[in-house]
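Here's the structure we're looking at; comments come further down.
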Amino acid sequence: QRQFQGDQVLRIMARDEEQAALLKMLEEQEELQVDFWRHPFGPGHPADLRVPFPSLGAVKGFLESHSFPYTVMIEDVQELLDEEKEAMARSRRV
Amino acid sequence: KRSSRAFDFGSYHTLDEIYSWMDTLVEDHPGLVSKIQIGQSYEGRDLLVLKFSTGGSARPAIWVDTGIHSREWISQATGVWTANKIAEEYGRDPSVTALLDNMDVFLEIIANPDGFVFTHSSDRLWRKTRSPNTGSHCLGVDPNRNWDAGFGGAGSSGDPCSDIYHGPFPHSEREVKAIVDFIRGHGNVKSVISIHSYSQMLLFPYGYTSVPSPDYQEMNELAKKAVSDLAAVYGTKYTFGSIADTIYTAAGTTVDWAYDQGVKYSFTLELRDTGRHGFLLPSSQILPTATETWPALLDIMVHVLEHPY
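In order, the protein sequences belong to chains A and B.
When we follow the working numbering, the leftmost residue of the first sequence carries the number 8, and every step to the right adds one.
When we follow the working numbering, the leftmost residue of the second sequence carries the number 1069, and every step to the right adds one.
Take a look at the structure:
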């Protein structure tokens, strides 16, 4: 089963069309393996990106160098998945 | 055999558990609920639809599908809860009773079973179908970019490795083609509601063009009422509007195809976003999400009943 240890989901708010376009460029960089959970609709709408652990430094560096405001929406994707799996197992036991 | 009442609606379930529960729902509500198979997925799984009907032939109908994007688990879970709610409220709730006395409802809870099984077995974050793509090592097509409505246009991708890959041709995916054939074959579907997550939105055509649809005003008013009634339950705020205006241009979507086929009341719902979980909404949120979605769904269904065309 695919694991997501250390992957984070970042919520990014593009300030303007230029920043929204910059975000779309991230998607085209295949080596980063960024997974857009929510695409950059445009300014005023959050974009959510799951960033694999090995790409975190590069992506955060990119965001900071372009002054993107962002928050970490999920600190560790695998932790949530483990909780989800445990909740399902608990329900089955009941 | 278990009763459908023993089912835990506040938990996520596997495909087998949901398909088994569908059988018990049918058994618990004979004369109202039946199960029909509209096709098979790429990997040979049954594409099953619950039919809620009190009789008649080719009555006007409402189509609802959940979980065409497999990783959006809250959608399938809401589909399960909603199916049970429709069955339980018939004969109790005047709106549901009036609806089912005059119309049929078709509900496909697992619109992408191969993808759904894959999310349980191999990759929780899988979104697409599981069909192979000639000349590429990447599998799957985005089944919400595969419809013959501006197919291949903006907001979809020609790269098989992309999560928004539109596929080689319209309706190439068996999961999509089965719905297309069913709705065309039925001939009297008046509304299509396709349920996704997560952006807290109620959207309607068009997605492939920013040109307003001829029914824009009526759809907008109905959407406004629906999101207002949804918000009245727990205060969850939804935005609404055409797909192209509200999010971005997205070609090849379910509701655009339905609308272009003459299904006027075509909507897509994007369920709850806590801002903390995305596609990994905890199971504790299933019941609140489904509960708040219900009045919005009912608003649309009752409007369809009261505005025949």
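Just so it is clear, CB atoms sit at the ideal spot from N, CA and C, and this is done for glycine as well.
Because the structure is a prediction, the values reported are computed rather than measured.
What does DSSP give as the partner residues of B:Phe-1308 in its beta bridges? B:Leu-1270
Output yes if chain A places a C-beta closer than 8 Å to the C-beta of B:Arg-1344; else output no. yes
Nearest chain A C-beta to B:Tyr-1306 closer than 8 Å, yes or no? no
Chain-order list of residues whose beta-carbon lies under 7 Å from that of B:Ser-1143 (same chain, five-residue window excluded): Excluding five sequence positions before and after B:Ser-1143, the CB atoms of its chain that fall closer than 7 Å to its own CB belong to Thr-1134, Gly-1135, Ile-1263, His-1264, Ser-1265, Leu-1339, given in chain order.
Quick check on A:Ala-65 - is its C-beta less than 8 Å from some C-beta in chain B? Not an interface residue.
Going by C-alpha distance, which of B:Ser-1079, B:Glu-1140, B:Phe-1308, B:Asn-1256 is nearest A:Glu-90? B:Ser-1079
Compute the Euclidean distance between the alpha carbons of A:Gly-64 and B:Val-1323, then round it to the nearest angstrom. 39 Å
Using a cut-off of 7 Å between C-beta atoms, extract the partners of B:Phe-1347 located in chain A. Simply Trp-44.
Could you tell me which of B:Pro-1228, B:Glu-1241, B:Gly-1147 sits nearest to B:Asp-1182, measuring between CA atoms? B:Glu-1241
Would you say A:Leu-1 reaches chain B, if we count a Cβ-Cβ gap shorter than 8 Å as a contact? Nothing can be reported for residue 1 of chain A: it is not among the residues displayed for chain A, which extend from 8 to 101.
Quick one: which chain A residues come within Cβ less than 7 Å of B:Ile-1315? Correct list: Phe-48.
Would you report the Cα separation of A:Arg-9 and B:Lys-1103, rounded to the nearest angstrom? 34 Å
Bounding residues of the beta strand (DSSP E) (the contiguous stretch that carries B:Phe-1250): That residue, B:Phe-1250, is in no beta strand (DSSP E); its alpha helix (DSSP H) goes 1242-1254.
Exposed or buried, what is B:Ser-1125 when buried is set at 16 or more other beta-carbons lying within 10 Å of its beta-carbon? When all chains shown are included, B:Ser-1125 counts as exposed.
Does the separation of the CB atoms of B:Tyr-1274 and B:Ala-1312 fall below 8 Å? In this structure, B:Tyr-1274 sits near B:Ala-1312, with a CB-CB distance shorter than 8 Å.
Quick check on B:Leu-1083: does DSSP put it in helix, strand or coil? helix
Output, in chain order, the set of chain B residues within a Cβ distance shorter than 9 Å of A:Ala-94. Ser-1079, Tyr-1080, Pro-1350, Ser-1351, Ser-1352
Using a Cβ-Cβ distance cut-off of 8 Å, determine whether B:Ser-1190 contacts chain A. yes
Contact check, B:Pro-1350 vs B:Val-1301 under 8 Å by CB: the rounded distance? Contact doesn't hold; Cβ gap of about 18 Å is too wide.
Mind listing which residues of the segment 1200-1221 of chain B have their C-beta closer than 7 Å to chain A's C-betas, in chain order? none
Measuring alpha carbon to alpha carbon, tell me which of A:Glu-25, A:Gln-12, A:Leu-30, A:Phe-11 ends up nearest A:Arg-18. A:Leu-30
In chain order, what residues of the same chain have a beta carbon less than 8 Å from the beta carbon of B:Asp-1091, not counting five sequence neighbours either side? Lys-1103
Host alpha helix (DSSP H) of A:Val-84 (start-end): Per DSSP, A:Val-84 belongs to the alpha helix (DSSP H) from 84-100.
What's the C-alpha gap between B:Thr-1197 and B:Pro-1238? 14 Å
Leaving out the 5 sequence neighbours to the left and right, which residues in its chain are closer than 6 Å to B:Leu-1365 when beta-carbon positions are compared? Nothing listed; no residue qualifies.
Using a Cβ cut-off of 8 Å, pull out every chain B residue sitting near A:Leu-88, in sequence order please. For A:Leu-88, the chain B residues whose C-beta falls within less than 8 Å of its own C-beta are Arg-1192, Leu-1348, listed in chain order.
Do we get a CB-CB distance below 8 Å when we pair B:Asp-1076 with the residues of chain A? yes
State yes or no: is the C-beta of B:Ala-1358 within less than 8 Å of the C-beta of B:Thr-1150? It is a contact, given that the beta carbons lie within the stated cut-off.
Reducing DSSP to helix, strand and coil, say where B:Trp-1131 ends up. strand
At a CB-CB cut-off below 7 Å, which residues of chain B make contact with A:Ser-62? Under the 7 Å cutoff, chain B gives no residues; its nearest Cβ is about 15 Å from A:Ser-62.
Starting from the beta carbon of B:Ser-1267, find every residue of chain A whose beta carbon is closer than 8 Å, and list them in chain order. Arg-45
Please go through the same chain and pick out, in chain order, the residues whose beta-carbon is closer than 7 Å to the beta-carbon of B:Glu-1243, but skip the five residues on each side of it. Ser-1109, Leu-1115, Ala-1179, Asn-1180, Thr-1197, Pro-1211
Could you tell me if B:Met-1287 is buried or exposed, where buried requires 16 or more neighbouring beta carbons within 10 angstroms of its beta carbon? buried
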